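S.K.: Take a look at the following structure, please.
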Amino acid sequence: MGLGSMLLKSDTVMEGSTLVDQFDSPFVDEVFVRAGDGRICQGPVITVASQGYRLPFETSRSVFAMGAKIATYWAHGYGPVGAGFLDRYGLHRRSEGGFHAALDQLSQTAGADLLVWPYFPMQAREYEWLISWLDIQGGASHPILQARVHNRAFLNCCAESDDASLLREGLSISKNKRKTMGRQIRRLGDLGQVDYVSTRSGYDQGKALEAFFVTEASGWKAHKGTALAVNSNLKQFVEGFLPQMLTEGTAQIDLMMLDERCIGSLISFRAGRGLFTWKTGMDEVYKRSSPGVHLLLEVSKQMIADPDVDYIDSLADTGHPVAESLWDGRRDFAQLFIPLSRVGVIACCSLRAGYEGKAKARYWAKRALGRV
1 MGLGSMLLKS
11 DTVMEGSTLV
21 DQFDSPFVDE
31 VFVRAGDGRI
41 CQGPVITVAS
51 QGYRLPFETS
61 RSVFAMGAKI
71 ATYWAHGYGP
81 VGAGFLDRYG
91 LHRRSEGGFH
101 AALDQLSQTA
111 GADLLVWPYF
121 PMQAREYEWL
131 ISWLDIQGGA
141 SHPILQARVH
151 NRAFLNCCAE
161 SDDASLLREG
171 LSISKNKRKT
181 MGRQIRRLGD
191 LGQVDYVSTR
201 SGYDQGKALE
211 AFFVTEASGW
221 KAHKGTALAV
231 NSNLKQFVEG
241 FLPQMLTEGT
251 AQIDLMMLDE
261 RCIGSLISFR
271 AGRGLFTWKT
281 GMDEVYKRSS
291 PGVHLLLEVS
301 KQMIADPDVD
311 YIDSLADTGH
321 PVAESLWDGR
331 RDFAQLFIPL
341 SRVGVIACCS
351 LRAGYEGKAK
361 ARYWAKRALG
371 RV
């Protein structure tokens, strides 16, 4: 990495905020939203925008909200980031005025009584700006309610490790984990040539996507019906946005190869100065060798060396066994219930209670089935 690249990464860290403050999201890209509208949601999805902020949302009514009109920010299981800033150049010129203008547009366009905002990044400065916007609207006395507060694994690609064996890479891997991974990679080497390829470095996009579909559908995801290749609606969704995003450089597919056979795959997105690891696939034949872990570690090293990437968001739930075994960093998220009218104040309380009741019911059902 050259001096200019190192300075660029350092300048980002010293910008006046930490990397966990970033408000980037690849999931507000128009191509992604358009592909998902009607496939992974009922729609229609409406997007308002101002000065880099893009806020897609849906409207609905719910018995839990006593019939009040709800605007829900479009963050979900296939796009679990409630950030709404899309900066293709990594300049990060976020402003309170721009965020307020986008919120004004959302409020006026939706005409809703409350705003539900899943996966809101709680360490982002936009949380304080949201409170100040409510103050301007005259709703400062009505607190923002929270549910599903959690954190997820996060890699600071600008950090330096005290462990020289990690090449000062900002990674955190236990000695036992490193020994296990070393043994696994040696065993794979006994079977054939291990290589890593990526669409980012010119690997054929069509071949990479097909390899991903095959590896993801080789195990439990196919049996549960969650693999993209076995669900025609989800496959159409992916084919509706991924080829264009790969061509534009806002998405990439990384593969782990054994004698030119794909045994591990990873689809990721780029937004601002971040990389977002989205979906993984693994050939179940090589499950004991943990190709997904090795591939994620390889991609982590590549992003640490990339002057245009400062962090990686795992997009994973708390306790994810792979990402949390490699990365020490964490980002905090929550689902917010934001009143936009007097009716919305009561509706927020009722709706949050309904959400929490459903979550508890799901938990106890899973526990009864022995899945917790």
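Residues in the sequence shown are numbered consecutively from 1, following UniProt numbering. For each residue, glycine too, the CB sits at the ideal point set by N, CA and C. Predicted model only: the values in this text are computed from it and were never measured.
In the region 65 to 147, which residue ranges form an unbroken alpha helix (DSSP H) of at least 4 residues, counting only runs that do not cross its ends?
M.R.: If we require 4 residues or more, the alpha helix (DSSP H) runs fully inside the region 65 to 147 come out as 96 to 110, 126 to 136.
S.K.: Using the beta-carbon count (16 or more within 10 Å), is residue 347 buried or exposed?
M.R.: Along the sequence shown, one-based indexing puts residue 347 at 347. Classification for residue 347: buried.
S.K.: For residue 247, count neighbouring C-beta atoms within 10 Å of its own C-beta (all shown protein chains included) and say buried if the count is 16 or more, exposed if not.
M.R.: Taking the sequence shown and counting its residues from 1, one reaches residue 247 at position 247. So residue 247 counts as exposed.
S.K.: What do you reckon, are the CB atoms on residue 257 and residue 215 nearer than 8 angstroms?
M.R.: To locate residue 257, count along the sequence shown from 1; it is residue 257. To locate residue 215, count along the sequence shown from 1; it is residue 215. It is not a contact, given that the beta carbons lie outside the stated cut-off.
S.K.: Between residue 322 and chain B, is the shortest Cβ-Cβ distance under 8 angstroms, so that the two count as touching?
M.R.: Checking the listed chains, one finds no chain B in this structure; it contains a single protein chain.
S.K.: What's the gap between the Cα of residue 235 and the Cα of residue 36?
M.R.: Along the sequence shown, read from residue 1 onward, the residue named residue 235 stands at position 235. Along the sequence shown, read from residue 1 onward, the residue named residue 36 stands at position 36. Cα-Cα distance, rounded: 11 angstroms.
S.K.: Does the Cβ of residue 223 have 16 or more other Cβ atoms within 10 Å, making it buried, or fewer, making it exposed?
M.R.: The residue given as residue 223 occupies position 223 in the sequence shown. Exposed, because fewer than 16 other Cβ atoms sit within 10 Å of the Cβ of residue 223.
S.K.: Please work out which residues of its chain come closer than 6 angstroms, Cβ to Cβ, to residue 96, disregarding the five sequence neighbours upstream and downstream, and give them in chain order.
M.R.: Walking along the sequence shown from the start, residue 96 turns up at place 96. Hits under 6 angstroms: 129.
S.K.: Taking C-alpha atoms, which residue in 45, 269, 196 lies nearest to residue 87?
M.R.: Locating residue 87 in the sequence shown gives position 87, where the first residue counts as 1. The option with the nearest alpha carbon to residue 87 is 269.
S.K.: Helix, strand or coil for residue 173 per DSSP?
M.R.: Numbered from its first residue, the sequence shown carries residue 173 at position 173. DSSP places residue 173 in coil when its eight states are reduced to three.
S.K.: Keeping to the same chain, check which residues put their C-beta closer than 7 angstroms to that of residue 24; ignore five residues upstream and five downstream.
M.R.: Mapped onto the sequence shown, residue 24 falls at position 24. The residues are 83, 85, 87, 271, 272, 274.
S.K.: Give the secondary structure of residue 307 by DSSP, where H, G and I count as helix, E and B as strand, and everything else as coil.
M.R.: As a position in the sequence shown, residue 307 is number 307, starting the count at 1. It is coil, neither helix nor strand.
S.K.: Give me the Cβ distance between residue 185 and residue 194, rounded to the nearest whole Å; I'm assuming they're in contact under 8 angstroms.
M.R.: Position 185 of the sequence shown, counted from the first residue, corresponds to residue 185. Position 194 of the sequence shown, counted from the first residue, corresponds to residue 194. Correct: roughly 7 angstroms between the Cβ atoms.
S.K.: Tell whether a beta-carbon distance below 8 angstroms holds between residue 152 and residue 310.
M.R.: In the sequence shown, residue 152 corresponds to position 152, counting from 1. In the sequence shown, residue 310 corresponds to position 310, counting from 1. Contact: no.
S.K.: List the whole-angstrom C-beta distance separating residue 331 from residue 28, where the pair is believed to meet the contact cut-off of C-beta under 8 angstroms.
M.R.: By one-based count along the sequence shown, residue 331 stands at place 331. By one-based count along the sequence shown, residue 28 stands at place 28. Between residue 28 and residue 331 the Cβ distance is about 17 angstroms, and since that is not below 8 angstroms, they are no contact.
S.K.: Could you give the DSSP three-state label for residue 260: helix, strand or coil?
M.R.: Indexing the sequence shown from 1 puts residue 260 at position 260. Reduced to three states, the DSSP call for residue 260 is coil.
S.K.: Is it buried or exposed for residue 260, if we count other Cβ within 10 angstroms and need 16 for buried?
M.R.: As a working mapping, residue 260 is identified with position 260 in the sequence shown. Label assigned to residue 260: exposed.
S.K.: Please confirm whether residue 92 and residue 133 have their CB atoms less than 8 angstroms apart.
M.R.: To locate residue 92, count along the sequence shown from 1; it is residue 92. To locate residue 133, count along the sequence shown from 1; it is residue 133. Not in contact: residue 92 and residue 133 (Cβ atoms no closer than 8 angstroms).
S.K.: Could you please give me the residues that DSSP links to residue 277 through a beta bridge?
M.R.: As a first step, residue 277 is located in the sequence shown; it is residue number 277 there, counting from the start. Looking at the DSSP assignment, residue 277 forms a beta bridge with 268.
S.K.: Which residue or residues does DSSP assign as beta-bridge partners of residue 55?
M.R.: Position 55 of the sequence shown, counted from the first residue, corresponds to residue 55. Partner(s): 48.
S.K.: Spatial neighbours of residue 78 within its chain, please: CB distance less than 6 angstroms, with the 5 preceding and 5 following residues excluded, ordered by chain position.
M.R.: Position 78 of the sequence shown, counting from 1, holds the residue named residue 78. Only 40 meet the Cβ criterion.
S.K.: Using a 10 Å radius around the Cβ and a threshold of 16 neighbouring Cβ atoms, would you call residue 69 buried or exposed?
M.R.: In the sequence shown, the residue the question calls residue 69 occupies position 69. Buried, by the Cβ-count rule.
S.K.: In the region 287 to 339, which residue ranges form an unbroken beta strand (DSSP E) of at least 3 residues, counting only runs that do not cross its ends?
M.R.: Those beta strand (DSSP E) runs which fall completely within the region 287 to 339 and span 3+ residues are 311 to 313, 329 to 339.
S.K.: Contact check, residue 329 vs residue 213 under 8 angstroms by CB: the rounded distance?
M.R.: Here residue 329 is taken as the residue at index 329 of the sequence shown, counted from 1. Here residue 213 is taken as the residue at index 213 of the sequence shown, counted from 1. Going by Cβ atoms, the distance from residue 329 to residue 213 rounds to 31 angstroms, so no, they are not a contact pair.
S.K.: Leaving aside the five residues before and after residue 142 along the sequence, list all residues of the same chain whose C-beta is less than 6 angstroms from its C-beta, in chain order.
M.R.: Residue 142 sits at position 142 when you count from the first residue of the sequence shown. Counting only Cβ-Cβ distances below 6 angstroms, and skipping sequence neighbours, we find 339, 345.
S.K.: Let me know if residue 264 comes out buried or exposed under the rule of 16 or more other beta-carbons within 10 Å of its beta-carbon.
M.R.: As a working mapping, residue 264 is identified with position 264 in the sequence shown. Its Cβ being crowded by 16 or more others within 10 Å, residue 264 is buried.
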